[in-house]
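First up is the structure itself, then whatever we jot down about it.
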Amino acid sequence: MFGRVGSERVVGAAWGTLFTSILAILIVVGSRNLQHFDAALVGYTFAVLFATFAITYRYAMWLLRPPTKRYWNRGWQLFFSRRYFATNVVNWFRRVTADFALNRFIFKRNQSRGMAHFFIMWGCILAFAITFPLVFGWIHFETLPGDLNSYRTFVFGFATTSFKIHSAVAVLIFHGLVWSAFMVIAGVMLAMRRRMLDHGAAALQRFAEDFLPLVLLFAISITGLLLTASYTWMQGYGYDFLALLHAITVIFTLLYLPFGKFFHIFQRPAQLGVSFYKDVAAKEGMAACRRCQQEFAPLLQINDLIEVERELGYRYETDTPGVEHYQRICPACRRSMLGIAQGELWRNGGLGVGGGEWEKSNHLSPTPHPPRPTPHSPIRID
Amino acid sequence: MARIGNMEFFLDPNRCIGCQSCVAACSECDTHRGHSMIHLQYVERTISVQTVPVVCMHCDSPTCAEVCPADAIKRTDDGVVQTARKPRCIACNNCVLACPFGVPKMQTEFSLMMKCDMCYDRSSVGLKPMCTSVCPSGALYYGTREEIEHLRPRSEPINTFQFGEQTITTKVNMMVPRDAGVQHVDVLSAMEESPVGNAAMLDSVFDDM
Amino acid sequence: MATLPKEQDVLAKAWGPHLNRMEGPRLDTGVEPDKIVPTHCCFCGQQCGINLKVKDNLVIGFEPRYDFPFNKGMLCPKGVKRYLQGGHPDRLTTALQRDPDAAAGFSPMAYDAAIARVASEIERIQSTYGPNAFGVLSGASLTTEKAYLMGKFARVCLKTKYIDYNGRLCMVSAGAANKKAFGIDRAANPWDDILKAEVVLIAGSNTAECSPITTNYVWQARENGGKVIVVDPRITPIARTADIFLPVKPGRDVALFNGILQLMIENDWIDHDFIEKNTTGFEAVAEHVAQWTPRRTAEVTGIAEKSIRAAAELWGTAKTSFLMHARGIEHHSHGVENCLSTINIVLASGRIGKPYCGYGTVVGQGNGQGGREHGQKCDQLPGWRDISNPAHREYIAGVWGVKPEEIPEAGVDCYEMMRKIDAGEIKGLLLICFNPKVSLPDNAFVTRALEKLEFFTVIDFFLSETAQYADIVLPGSLHEEDEGVVAQVEGRVIKINKAVDPPGDATQDWRVIQDIAKALGRSHGFTFESPREIFDELRVASKGGVADYYGITYEKIEAQNGVCWPCPTEDHPGTPRLFEPGSSNPIANGAGPFYFPDGNARFVVPAYRPPAEEVDESYPVILTTGRVVSQFLSGTQTRRIGPLVDQYPEPRVEIHPRLAQKYGIADGDWTTVESRRGTITLRAQVVTSIRPDTVFIPYHWPGRKSANQLTIAAQDPVSKIPEYKVCAVRLRKSEKPADDAETTAPDAARSDITRGGTDDVARTAVQQGR
């Protein structure tokens, strides 16, 4: 709509290249010059690099949209403002716990939706936390010299803790992906059930946007579990085929990340910024409606919104005295005004008490209009 | 999906009797069950019983969607502007403050903007939205253009609204007097006017009171 | 021993009203209904079609019934949320006996034992004091089958003359006036005749709130070029955009319509030909109204003279018109005259019995029409027969298989029954579908009367404020738990279909009545197996009467989406429009269009009488009462439905700012309204939409919030309707009542009224509209 798309793309691509390069360097460094890099996982690595580029590119493009840009900048600015920084930090921890860790707001929308999201989210986080460092060679395990029954964990090539090979800890750690797969499958089942039964969802959902992600997560989880089953109980029957299948599902999902529903994983944290914006803006003073004089929104937000609308090409400016810009009227008054404006057309057209054409022709002139209502103005008594 | 076909939404607030049937029925719709999306606005109860039912007008170029920093508000191919996409909405309230008709509702409790979606579960399969089904006054009507022309010979549907310098065109139609010859509704003209019907009582009672 | 077993608040805590809301399967959008039952709304007289969604014997929601021609899917908020009356925590699922020792004041008992107890008490009272010592009060929300059965039960089984019903509070004034003027009591026209009327005159009907669907008919008339005249002391939503608004001073309707008729005669806006051929009595009326000059009419009615003249001209010169009225002109000690005065301007115009030329009264209760046709009125037998007419008695005695002399004589109206209870003449009472504790005027008297009963039994599905006085409560059925017919506002007989079974021991009302008859050992004539069997007997009982149902069958109702009576034979399509040439008329038999032997309508002189209680120095303000859209009658059902209570949680007193200023009352202030009979303290709602000499209180609430603490028990001498619409009160600014348990923050509610709320951030706060 506004012809800046070309230059925006360049900027987006630049950011994408930068982040992808950083990740590539980290892979090289973290795996000690690819010393601990598992060549079998090269497909995964390239998929991740591509996803990184695409996500960064899209994120950058997104941030360049006038509203996003404004709230992004404003959010950081207000977060770090000296006056509110301490409160902001406290609130940050509170919100990260409630909204991100516990998904409290999703549970409030709907219990089953909340459960589904909670399982899928934590299953995925766990799986990612295990897989990526392994794929990039950032974590590897070595048997302790002289103790074949113990493993030592290396992070970025640095030795850390060690544990017994047959200990419960080991079972827990080496089957981490199994646990995460179970969580994801449970979540996917809940989500699928809702999507298949719920009439509201049925009207709105689309395959690519709503079902594909669930199918992908299910495919990854089930092929991953089959891999475990194959080497644990079936002497590796069909292992190579399953590994390929699993790789395909994972790589496809990585490539899909930037485009579909999964992009919300990266976008959603902006909610935090917005909440700080709202906190601070409200403390900085409220805008009073130019029609009813009642406060209705943070003045800062109204001013920002007016700027954003100008950048987008909207012209809600008005020369109506005392209004200046339509956004300075509260939503409740906007609704009233819509009704009044339409009602007046009918009244002038011949309808209505005190002013219809029939009454006019019979000299039934209405008494003059009272002053425009405000909550504080006294009621006309005469 | 495009079952909406030649069905259109026609709004005539002047007919509204404030019964709130629309509000009651709105919460029965499956896309937002338990939540009423329609607004029933009392213009100024002290001086008038005038009420305004406000549904989403489904703008051709929706301000709410354009000012959304999260790109969460989508318009379907058949022109229906949907509730914010749940994974994306960051509850910033921009849409609520930007909508020229005052439509979106912020559900602060679960960080989501919800709005009238023309009962998409119904309209997308050829059924009438809930509010237009029950409205006893015909203030909210859903049907074909032929039907409305037949039913409302004195009225004309228009879909252009003026807010200061800004012109907004919408999918939903507003009924205006056919002989008024207006091309658009100038919403800010309401700054000059008082609610219809306010002076009637004192004008019609016997003078000696 | 009909006193409250516990304090009111203890009873309320145990038995409600509690609020039912959308939850469980009613909120779950993944539930597929087992079936969808086409039926009708359980509330007002318009009887809108509705489809109920049923899952596991619970009504979980509704779907608009687009194919029912009267409402085409439209519903008011009560209709939308009606399904929440089922599956309700307050629902009575067992019989109850009064038990002051029980924590809840009542203890459950076996259904059969309860029936036996009722029968033995009836036996005892009737054998001690005579058959007339036991009375029956019934209701007009019952299906016609049940209403018929109640009349038969009182006369044949109990052999008591004392039966009456709550339709007495509804539209009997209109009924009596219609009988006097037309010889038949039914809306004269189908509502489609409103659509192309040049003038629609609405008198005393808050159409937008009490019969919301009718609004669409009025607005459609206006789309077709029609004009609207509204007569009401308040600018109701239908009046807001009216072409002419006549804010009549409560109780002065006769003066207004006589004044209009005087102008019609003076300007020769009358149909001489019609008057000559089809009416009698015009000269006397013309002579009488000559005194109602515009000036005098203005002085008495409190309406500006120019408005009266304008209305008379608009009405007088129209080619087609529709006049409708409701409780606003009927609830008066001269309600019959009020209605006659409107009928006179219809007859003088000659605009009746033709397309788009109509007259009708807007029925209030669900079966307000059908419930007053078949014999639960104190002076009436089925088919609108007269209990004092020997021929009628003989016919009905034949149908019932009794001797004519066994049928008791006429009894008295329901308020007079209360007086007879108070006087000790009636000792026992069976009550169904009626909540007189809330709905009758002068609450204090009604309470005193109820407390004098030796035995009081109530059939109900909730423990209503009246049922709280009962010795035995029998669990009855909800609307959706039974089938049967009702007659709606147009006189169209329609079919209520059963959607779910009654829960627990709850039993369909007609079965309860028959069980009592059986326990009394008088089951002859009370062995029906289904509502259809009752209906078939009713058809025969009504045959040849004015309200002739003989040709109506359940199948025909379904096939035609309703049948308008009179319908004398099975091949007769019914009679949507009365008074047309050739339409069914067993009285005139071709002599003329109206239901008198000579076929002529009667002009009746409506002499102006002021209300029973005029304002004076001590009580200088007029009180008028009425309804709000989200509540229905005494609120037994609607005060238990959460979303409806949210919409208008408690009554407010509407005051014009000019009057409010006189008493220093601001919007939202606690205000005490006091009459000679009681006081009420409510929040004020200061609005310019009411006459400055009048205050308004809606009447749906009990106890401290009951508007009927104030109203006067003055009654119309003919129709016996109480004068709900006028009494004298005084006002004062007041404090919050000590026992007030309001939950809404007043400021929030207040800002909602003035601004409609700032609910851009959604909230659950109350939408306290009006």
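Protein chains in written order, with this note's numbering: chain A, 6 to 387; chain B, 58 to 266; chain C, 88 to 857.
Backbone N, C-alpha and C define an ideal beta-carbon position, used for all residues, glycine too.
This structure is a prediction, so every number in the text was calculated from the model and none was measured.
By the criterion of at least three beta-carbon pairs nearer than 8 Å, the region 146 to 164 of chain B is not in contact with the region 174 to 182 of chain B. Residues of chain C with a Cβ closer than 7 Å to the Cβ of residue 72/B are, in chain order, 306. Interface residue (Cβ-Cβ distance to chain B less than 8 Å): residue 385/C is classified as such.
Contact check for residue 773/C and residue 754/C: beta-carbon distance about 4 Å, within the 8 Å limit, so the pair qualifies. DSSP links residue 137/C through a beta bridge to 126/C and 151/C. For the region 110 to 132 of chain C, the set of residues with a beta-carbon nearer than 7 Å to any beta-carbon of chain A comprises 116 and 117, in chain order.
DSSP places residue 201/A inside the alpha helix (DSSP H), whose first and last residues are 181 to 202. Note on geometry: alpha-carbon atoms of residue 703/C and residue 815/C lie some 8 Å from one another.
With a cut-off of 8 Å on Cβ pairs, the region 204 to 223 of chain C is not in contact with the region 570 to 583 of chain C, counting fewer than three such pairs. Residue 151/A holds the alpha-carbon nearest to the alpha-carbon of residue 169/A among 204/A, 310/A and 151/A.
Distance check between residue 35/A and each of 163/A, 235/A, 60/A and 315/A places 163/A closest, using alpha-carbon atoms only.
Residue 323/A places its beta carbon less than 8 Å from that of residue 329/A.
DSSP, reduced to helix, strand and coil, places residue 571/C within a strand of the structure shown. Taking every protein chain shown into account, the CB of residue 562/C has 16 or more other CB atoms within 10 angstroms, so this residue is buried. Using beta-carbon distances, residue 351/A counts as an interface residue toward chain B, with a partner under 8 Å. In chain order, 320, 321, 322, 323, 324, 325, 328, 330 and 331 make up the part of chain A whose C-beta sits under 8 Å from the C-beta of residue 221/B. In terms of beta-carbon proximity, residue 205/A lines the interface with chain C, with at least one pair separated by less than 8 Å. Residue 300/A has a beta carbon lying at 8 Å or more from every beta carbon in chain B. In the structure shown, residue 444/C adopts extended strand secondary structure according to DSSP, grouped into three states.
Contact with chain C is found for residue 104/B, since one of that chain's Cβ atoms lies less than 8 Å from the residue's Cβ. The beta carbons of residue 667/C and residue 653/C sit no closer together than 8 Å.
Collapsing the DSSP output to three states places residue 286/C in a strand. With 16 or more other Cβ atoms inside 10 Å of its own Cβ, residue 448/C counts as buried. Distance between residue 739/C and residue 462/C, taken at the CA atoms: about 38 Å. Residue burial annotation: residue 298/A is exposed, with fewer than 16 other C-beta atoms found within 10 angstroms of its C-beta.
When 7 Å is used as the limit between beta carbons, residue 159/B is near these residues of chain A: 336, 337, 339 and 340, in chain order.
One alpha carbon belongs to residue 227/A, the other to residue 49/A, and they sit about 18 Å apart. Residue state for residue 314/C is assigned as strand, using DSSP reduced to three classes. Counting other Cβ atoms within 10 Å of its Cβ, residue 286/C reaches 16 or more and is therefore classed as buried.
Here the region 536 to 552 of chain C makes no contact with the region 244 to 258 of chain C; the two share fewer than three CB pairs at distances below 8 Å. Neighbours of residue 112/B across chain C, judged by C-beta separation under 7 Å, do not exist; the nearest C-beta is about 15 Å away. Secondary structure remark: continuous beta strand (DSSP E) runs of at least 3 residues inside the region 539 to 603 of chain C, in chain order: 542 to 547, 559 to 562, 571 to 574 and 579 to 583. Among the residues of chain C, none has a CB under 7 Å from the CB of residue 63/A; the nearest is roughly 31 Å distant. 123, 124, 125, 126, 127 and 128: these are the residues of the region 121 to 138 of chain B whose beta carbon lies less than 8 Å from some beta carbon of chain A, given in chain order. In this structure, the CA atom of residue 216/A is about 32 Å from the CA atom of residue 80/B.
Rounded to whole angstroms, the gap between the alpha carbons of residue 383/C and residue 283/C is 33 Å.
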